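Have a look at the structure below, then the notes.
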Amino acid sequence: MDANTKTVLRRSSALLLGVGVVATMSVYFVHDWFDSQLMGNLGLSHNAADTVGTLVVILAAFVGQRLLSLVVFRDLDVGAIASQQKLQQRIRSANDAAGEVAGELKQVRTFNDVLRGQMDMIVKETEKAAFDIAERLQTIDQVVTRLGGFVDSSTQESTDLLTRSESSIARNRELIGTLDQYISDRVNAARDDEKSVAEVIKEVQSLGALVQLIKNISSQTNLLALNAAIEAARAGDAGRGFAVVADEVRKLSGEADTAVGKINEGMNAVAASIASRFQDKLAHTHIEREREALQRFSSQLEDLGQSYQEVTRHEAKVMATIGESSQQLAAMFMEALASVQFQDVTRQQIEQVTTALSRLDSHAAELADRLDRLDDPGVALKPLSQHIDQLYQDYVMSSQRKTHQASLNRKSVGDGGSGPKVELF
Amino acid sequence: MKTIMLVDDSATILLSISSILTKAGYAVEKAANAQEGLAKFKANTKVDLLITDLNMPGMNGIDFIKEVRKLPGYKFMPILFLTTESQQAKRVEAKAAGASGWLVKPATADELLNTIKLVLH
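Just so you know, the sequences run in chain order A and B. Just so we're aligned: the first sequence equals residues 1 to 425 in this note's numbering. Just so we're aligned: the second sequence equals residues 1 to 121 in this note's numbering.
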């Protein structure tokens, strides 16, 4: 029952009650007078007078009701006529609106075609973009793989270099040891040479005593020869021959003395020459300088070797860091490739929306048909709730179901139970 | 080298997942739908593991693996589903059809490769 009908009923009831009360009171107070007047003046029987009275009361009540309605409600039928006119006007307006709505509902498919076209475009573009991303990631991976290969070979080379440098340094140390030993040997040999030379010089100098001895012998011989010459002169002719011999002996003595002096000079010259010649060779300062030079050389060689090892180790460290980064890049590349799956997820979500739009098309077409055939009770109309339920049944992922339930302010219990992300049967 | 057949109607999935598998040292056979995959199986392609999508146009993943299981030589081959669907009811259906495991998209590379290792070794 609509509001207008209720109003009409309420008004009618009130009016009926008022008219009824007036009619009842009229019958109560006027009945005897009316009866006596009609029966007395017109000669009607009691029954006939009541009948006429009843007709008069009904007629008066009817007219009174209409007049009262007109006065109170400005309508002869307690507002029902105006309400009916208003209702007819509304029905005409509703028919016009239904026609307009039906026309608009028929356009929903066109509108949805535009939306579907847009979504298809989004799917294609995201698919192309995701495909390009995957291809570029592949290219990056190829570069990273090449870099990894280079790092591996370089690391091997660094290791080899390090090994070689360590063995080279070991050889250098061995060589330095050999040189150091050589210097030590040389020092020892020089010391031995020094001793030998000193001994030679001492030996040579010791010959001076022998020379002095010969010189003394020569001097005594000369003295003997002189005595012999004196004795030979004293002997006269008998000693003449002996005097010749004594003279010869004295001459020999003189020559021997001269020879001894020359020998002594010669020996001194030899000793001086040996001392002079071996002076440089025996000087320790040369050997010390050599040793210092060798130590400096050894130290520099050691520093060089250590620097080279440090460089090689640093290179190996750099290569190891690059290698680790390369592996991390490879892992990141894999994860980046895996994340491209988002496009497939998005595509399927958009496809569901497209399917939902098709359902909306069908529903809009049914609504339009229903409006076009308002008077036909046989027009079938599938309720939107059924379309919503069917939409829920068609979902292909848990997130769609959750969103669906959240949009309808329902608890997310109708998912059928989601399992773990990874499951082995 | 183990061979994995990858069946998915998404070209992006085929490219990205096959790249991951190739990098991990597997040979990959690709098919864009169930019919194409079935044709490869019927041609006796050597496959050690099948990874398939569930929702594909034409034939869905469950019907597809039922057909594969009927073929000689593929009765005991492991089969993994890689799909956006996570419903328990679908998993039960897939298990009954002969599936060995289930991965929900988007799966990480680790999840994918670890699961493959488990079913292959």
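Where is the CB? At the ideal position from N, CA and C, for every residue including glycine. Quick caveat: nothing in here was measured; it's all calculated off a predicted structure.
Next on the checklist: Counting only Cβ pairs nearer than 7 Å, list the residues of chain A close to Arg91/B.
Outcome noted: Numbered from its first residue, the second sequence carries residue 91/B at position 91. One finds Gly419 and Glu423 in chain A with Cβ atoms closer than 7 Å to the Cβ of Arg91/B, taken in chain order.
Item to check | Residues bridged to Glu427/A [DSSP beta-bridge criterion] | outcome: Residue 427/A falls outside the range modelled here, since chain A spans only 1 to 425, and no answer is possible.
Item to check | Cβ of Asp120/A within 7 Å of any chain B Cβ | outcome: Here residue 120/A is taken as the residue at index 120 of the first sequence, counted from 1. It does not: the Cβ of Asp120/A has no partner Cβ on chain B nearer than 7 Å.
Checklist entry - Does any C-beta atom of chain B lie closer than 7 Å to the C-beta of Met334/A? => result Here the question's residue 334/A lines up with position 334 in the first sequence. At least one chain B Cβ lies under 7 Å of Met334/A.
Checklist entry - Nearest-angstrom Cα distance between Ala316/A and Glu324/A? => result Taking the first residue of the first sequence as 1, we reach residue 316/A at position 316. Taking the first residue of the first sequence as 1, we reach residue 324/A at position 324. Rounded to the nearest angstrom, the two C-alpha atoms are 12 Å apart.
Checklist entry - So is Lys105/B in contact with chain A if we call contact Cβ pairs under 7 Å? => result Walking along the second sequence from the start, residue 105/B turns up at place 105. Interface annotation, Lys105/B: in contact with chain A, CB-CB separation under 7 Å.
Item to check | Own chain residues within Cβ distance below 8 Å of Gly148/A, not counting five before or after | outcome: Position 148 of the first sequence, counted from the first residue, corresponds to residue 148/A. Gly323, Ser326, Gln327 and Ala330, listed in sequence order.
Item to check | For Gln352/A, the three-state DSSP class (helix, strand or coil) | outcome: One-based indexing of the first sequence puts residue 352/A at position 352. Under the three-state reduction of DSSP output, Gln352/A falls in the helix class.
Checklist entry - Any idea what DSSP makes of Ala27/B, helix, strand or coil? => result Position 27 of the second sequence, counted from the first residue, corresponds to residue 27/B. Ala27/B sits in a strand when the DSSP states are folded into three classes.
Checklist entry - Within 7 Å (strictly less), CB to CB, does Lys95/B reach chain A? => result Translated into the one-based positions of the second sequence, residue 95/B becomes position 95. Against chain A, the CB of Lys95/B has a partner CB under 7 Å away; the residue lies at that interface.
Checklist entry - Who are the Cβ neighbours of Phe278/A in its own chain at under 6 Å, not counting the five residues just before and after it? => result As a working mapping, residue 278/A is identified with position 278 in the first sequence. Counting only residues of its own chain and dropping the five nearest sequence neighbours on each side, Phe278/A has a CB closer than 6 Å to the CB of Val197.
Checklist entry - Residues of chain B with a CB under 9 Å from the CB of Leu337/A: which are they? => result Walking along the first sequence from the start, residue 337/A turns up at place 337. For Leu337/A, the neighbours in chain B by C-beta distance under 9 Å run, in chain order, Leu15, Ser16, Ile17, Ser19, Ile20, Lys23 and Ala109.
Checklist entry - Roughly how far, in whole angstroms, is the beta-carbon of Ala98/A from the beta-carbon of Leu384/A, given that I think they are within contact range, below 8 Å? => result Counting from 1 along the first sequence, the entry for residue 98/A is found at position 98. Counting from 1 along the first sequence, the entry for residue 384/A is found at position 384. Here Ala98/A is actually not in contact with Leu384/A; their C-beta atoms are around 18 Å apart, not less than 8 Å.
Checklist entry - Phe81/B bridges to which residues according to DSSP? => result The residue labelled residue 81/B in the question sits at position 81 within the second sequence. DSSP lists Thr52/B and Trp102/B as partners of Phe81/B.
Item to check | Interface flag, Val144/A vs chain B, CB-CB below 7 Å | outcome: Working through the first sequence from its first residue, we reach residue 144/A at position 144. Not flagged as an interface residue toward chain B: Val144/A, since no C-beta distance is shorter than 7 Å.
Item to check | Interface positions of the region 111-137 of chain A facing chain B (Cβ-Cβ less than 8 Å), listed along the chain | outcome: Listed by position along the chain: Glu127, Ala130, Phe131, Ala134, Glu135 and Leu137.
Item to check | Cβ-based burial, Ser69/A [other Cβ within 10 Å; buried from 16] | outcome: On the first sequence, position 69 is the one that residue 69/A refers to. With 16 or more other Cβ atoms inside 10 Å of its own Cβ, Ser69/A counts as buried.
Item to check | Helix, strand or coil at Met5/B [DSSP, three-state] | outcome: For the purposes of this step, residue 5/B is taken as the residue at position 5 of the second sequence. Three-state result, Met5/B: strand.
Checklist entry - Which of the three DSSP states, helix, strand or coil, is assigned to Ser418/A? => result Residue mapping note: residue 418/A aligns to position 418 of the first sequence, counting from 1. The answer is strand: DSSP assigns Ser418/A an E or B state.
Checklist entry - If the cut is a Cβ gap below 8 Å, which residues of chain B does Phe342/A touch? => result Translated into positions along the first sequence, residue 342/A becomes position 342. Chain order gives the chain B residues near Phe342/A as Pro106, where near means a beta carbon separation below 8 Å.
Checklist entry - Pairing CB atoms from the region 2-13 of chain B with CB atoms from the region 26-46 of chain B, are three or more of them under 8 Å? => result By the C-beta criterion, the region 2-13 of chain B is judged to be in contact with the region 26-46 of chain B, since at least 3 inter-stretch pairs fall below 8 Å.
Next on the checklist: Distance cutoff 7 Å, beta carbons only. Does Gly101/B sit that close to anything in chain A?
Outcome noted: Your numbering for residue 101/B matches position 101 in the second sequence. Output row for Gly101/B: interface = yes.
Item to check | Cβ contact (3+ pairs, closer than 8 Å) linking the region 385-393 of chain A and the region 135-149 of chain A | outcome: The answer is no - the region 135-149 of chain A does not touch the region 385-393 of chain A, with fewer than three Cβ pairs under 8 Å.
Item to check | chain A residues whose Cβ lies nearer than 7 Å to that of Glu85/B | outcome: One-based indexing of the second sequence puts residue 85/B at position 85. Contact note: Glu85/B reaches chain A through Val396 and Met397, using a C-beta cutoff of 7 Å and chain order.
Checklist entry - Does the beta carbon of Val345/A sit closer than 7 Å to a beta carbon anywhere in chain B? => result Here residue 345/A refers to the residue found at position 345 when the first sequence is read from its first residue. Yes - at least one Cβ of chain B is within 7 Å of the one on Val345/A.
Checklist entry - Which residues in chain A sit within 9 Å of Val119/B, going by Cβ to Cβ distance? => result The residue you call residue 119/B lines up with position 119 of the second sequence. Here the neighbours are Leu424.
Checklist entry - Under 7 Å, do Leu337/A and Leu137/A count as touching if we go by C-beta distance? => result For the purposes of this step, residue 337/A is identified with residue 337 of the first sequence, where counting begins at 1. For the purposes of this step, residue 137/A is identified with residue 137 of the first sequence, where counting begins at 1. In contact: Leu337/A and Leu137/A (Cβ atoms closer than 7 Å).
Item to check | Nonlocal neighbours in the same chain, by C-beta distance under 6 Å from Val249/A, ignoring five residues either side | outcome: Taking the first residue of the first sequence as 1, we reach residue 249/A at position 249. Counting only Cβ-Cβ distances below 6 Å, and skipping sequence neighbours, we find Ala225.
Checklist entry - Under 8 Å Cβ-Cβ, which residues of chain A neighbour Ala11/B? => result What you label residue 11/B is simply residue 11 of the second sequence in a count that begins at 1. Against chain A, a Cβ distance below 8 Å from Ala11/B picks out Glu127 and Phe131.
Item to check | Distance between beta carbons of Gly419/A and Trp102/B, contact taken as under 8 Å | outcome: Counted from its first residue, the second sequence places residue 102/B at position 102. Counted from its first residue, the first sequence places residue 419/A at position 419. Here Trp102/B really is in contact with Gly419/A; their C-beta atoms are around 7 Å apart, less than 8 Å.
Next on the checklist: Measuring only the C-alpha atoms, how far is Leu38/B from Leu80/B?
Outcome noted: Numbered from 1 along the second sequence, position 38 holds the residue referred to as residue 38/B. Numbered from 1 along the second sequence, position 80 holds the residue referred to as residue 80/B. The alpha-carbon atoms of Leu38/B and Leu80/B are separated by roughly 16 Å.
Next on the checklist: Need the endpoints of the alpha helix (DSSP H) that Arg410/A sits in, please.
Outcome noted: Position 410 of the first sequence, counted from the start, is the residue given in the question as residue 410/A. Segment: none, Arg410/A is in no alpha helix (DSSP H) and carries neither H nor E.
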